Amino acid sequence: MKVLVATEKPFAKVAVDGIRKVVEHAGYELVLLEKYTAKQQLLDAVADADALIIRSDNVDAEVLEAAKQLKIVVRAGAGYDNIDLAAATAHNVVAMNTPGQNSNAVAELALGLMVMAVRNMYNGTSGTELKGKKLGIHAYGNVGRNVARIAKGFGMEIYAYDAYCPDEAMVADGVTPLHSAEELYATCHVVSLHIPATAETKGSINYALLAHMPKGGLLVNTARKEVINEDELIQFMQERQDFRYVTDIMPAADQKMNELFAGRYFSTPKKMGAQTAEANINAGIAAAKQIVDFVENGVRRFQVNK
């Protein structure tokens, strides 16, 4: 049984050590492909792999076709849009993610971006405080719950909208449930975005939705680039000089937005949500444990394809 860890952007050494311990304790072989620079390297490496752990690496139909022995691929992280799920199913490969392992890291980043934005990007001028402001959490999953937990410490008034989360779960956390995205955006000074990129959500954060936000509104996106309608966001920010947007997913129009919206827009150079030592370790080891549990016991708890 060969487990391949294929990471163009490698895990931290301590995470690799943890993965190795789990894999080798189960009696499997661990193989590393780190910092690869050509897809052919990945195609060659997966040829005799039984299991695959990835981070942001793309596992498409070509990779799955090359991986004749592959039984399972695990994305170390919550998002899995870098795996071709239909192709995985067609090749009888189980695809999984590791939900919850990066949640605190992403939530802390979201709050950090909020503080930076309301303090005018730390430009030396007088800003505002988060205390007493209404925070809207768009999607109340693992990250959203952590955002709510941390925001309570800031003294924020917390609301959430999630069509798939029962009101009772939010109320139990001291969060006020709302029942449409429009209501959330109209109610809150700050909205933290945590929706996945699906056919339904892509481009859904658009002019019409943002227009509901009160004066001085702030949108924080640590979710996915694809959920933002960039053209309409730019149009909205041109018309609403009071609105701010901060993100850890650089828009295609980053240069233009920096020029147009200096002081009201910020993006990190690359996606930063899960870039902590703790999240790195947690997600990698969880992926290894899920592989062992699947092979030994047939457990498919975090399977994301059918």
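Per the working numbering, the sequence shown runs over residues 13 to 318.
Beta carbons are placed, not taken as given, at the ideal position from N, Cα and C, and that holds for glycine.
Only a predicted model underlies this, so the values are computations on that prediction, with no experimental measurement involved.
Give the DSSP bridge partners of Ser-204, in chain order. Locating residue 204 in the sequence shown gives position 192, where the first residue counts as 1. Per DSSP, Ile-149 and Val-232.
Under the DSSP definition of a beta bridge, which residues are partnered with Met-108? Here residue 108 corresponds to residue number 96 of the sequence shown, with the count starting at 1. Looking at the DSSP assignment, Met-108 forms a beta bridge with Val-86 and Gln-315.
For Thr-288 and Ala-117, I'd like the C-alpha separation in whole angstroms. For the purposes of this step, residue 288 is taken as residue 276 along the sequence shown, with counting starting at 1. For the purposes of this step, residue 117 is taken as residue 105 along the sequence shown, with counting starting at 1. C-alpha separation (whole angstroms): 7 Å.
Reducing DSSP to helix, strand and coil, say where Tyr-277 ends up. Against the sequence shown, residue 277 aligns to sequence position 265. Look at Tyr-277 here: in three-state DSSP terms it is strand.
Are the region 143-158 and the region 200-212 touching by the rule of at least three beta carbon pairs closer than 8 Å? Yes, since at least three Cβ pairs between the region 143-158 and the region 200-212 fall closer than 8 Å, the two stretches touch.
I'd like to know if the region 214-226 and the region 158-169 are in contact, where contact means that at least 3 CB-CB pairs between them fall below 8 Å. no
From the DSSP secondary-structure annotation, give me the bridge partner or partners of Val-43. Here residue 43 refers to the residue found at position 31 of the sequence shown. Looking at the DSSP assignment, Val-43 forms a beta bridge with Leu-16.
Is it the case that the Cβ atoms of Val-258 and Val-232 are separated by a distance below 7 Å? On the sequence shown, residue 258 is found 246 positions in, with the first residue counted as 1. On the sequence shown, residue 232 is found 220 positions in, with the first residue counted as 1. Yes, these two residues count as a Cβ contact at 7 Å.
Residue burial classification, Asp-69 (beta-carbon count within 10 angstroms, cutoff 16): Taking the first residue of the sequence shown as position 1, residue 69 is located at position 57. Classification of Asp-69: buried, given that the 10 Å Cβ count is 16 or more.
First through last residue of the alpha helix (DSSP H) which encompasses Leu-97: By one-based count along the sequence shown, residue 97 stands at place 85. Unbroken alpha helix (DSSP H) run through Leu-97: 97-102.
Exposed or buried, which one is His-3 when buried takes at least 16 other CB atoms within 10 Å? As displayed, the chain neither begins before 13 nor continues past 318, which places residue 3 out of reach and without an answer.
Backbone secondary structure at Tyr-48 - three-state DSSP: What you label residue 48 is simply residue 36 of the sequence shown in a count that begins at 1. In the structure shown, Tyr-48 sits in coil (DSSP, three-state: anything other than H, G, I, E or B).
Closer than 6 Å: is that where the CB of Pro-189 sits relative to any heavy atom of the ligand ZN? The ligand ZN is not among the ligands present in this structure, which contains no ligands whatsoever.
List the whole-angstrom C-beta distance separating Ala-107 from Ala-100, where the pair is believed to meet the contact cut-off of C-beta under 8 Å. Sequence index remark: in the sequence shown, residue 107 carries index 95 (1-based). Sequence index remark: in the sequence shown, residue 100 carries index 88 (1-based). Going by Cβ atoms, the distance from Ala-107 to Ala-100 rounds to 4 Å, so yes, they are a contact pair.
The region 45-61 touching the region 274-287, judged by at least three CB pairs closer than 8 Å: no
Any contact between the region 129-145 and the region 299-309? By contact I mean 3 or more CB pairs, one from each, below 8 Å. no
Roughly how many angstroms lie between the CA atoms of Ala-61 and Ile-293, to the nearest whole one? Mapped onto the sequence shown, residue 61 falls at position 49. Mapped onto the sequence shown, residue 293 falls at position 281. One C-alpha to the other measures close to 22 Å.
How long is the line joining the alpha carbons of Val-28 and Ala-181, rounded to whole angstroms? Taking the sequence shown and counting its residues from 1, the one referred to as residue 28 is at position 16. Taking the sequence shown and counting its residues from 1, the one referred to as residue 181 is at position 169. Computed Cα separation, rounded: 36 Å.
With 16 as the cutoff for other CB atoms within 10 Å, does Asn-241 come out buried or exposed? As a first step, residue 241 must be located in the sequence shown, where it is residue number 229. Classification for Asn-241: buried.
DSSP state of Glu-180, grouped into three classes? Within the sequence shown, residue 180 is the residue found at index 168, counting from 1. Three-state DSSP puts Glu-180 in a helix.
Top-ranked residue by Cα proximity to Ala-24, from Ala-88, Ala-78, Glu-41 and Lys-80: As a first step, residue 24 must be located in the sequence shown, where it is residue number 12. Ranking the options by Cα distance to Ala-24, first place goes to Ala-88.
With DSSP collapsed to three states, give me the class of Ala-63. Counting from one through the sequence shown, the residue named residue 63 turns up at place 51. In this structure, Ala-63 counts as strand in the three-state DSSP scheme.
Please report the residue range of the alpha helix (DSSP H) in which Val-58 lies. For the purposes of this step, residue 58 is identified with residue 46 of the sequence shown, where counting begins at 1. First-last for Val-58: undefined, no H or E at that position.
Is DSSP giving Ile-217 helix, strand or coil here? One-based indexing of the sequence shown puts residue 217 at position 205. Of the three classes helix, strand and coil, the one that applies to Ile-217 here is strand, per DSSP.
Output the distance between the C-alpha atoms of Asn-109 and Gly-275, rounded to the nearest integer angstrom. Translated into positions along the sequence shown, residue 109 becomes position 97. Translated into positions along the sequence shown, residue 275 becomes position 263. Distance between the alpha carbons of Asn-109 and Gly-275: 36 Å.
Over the uninterrupted alpha helix (DSSP H) stretch that includes Ala-9, give me the two end residues. The requested residue 9 is not part of the displayed model; the chain covers only 13 to 318.
So who's on the other strand from Ile-240, going by DSSP bridges? Along the sequence shown, read from residue 1 onward, the residue named residue 240 stands at position 228. Answer by DSSP bridge pairing, in chain order: Ile-217.
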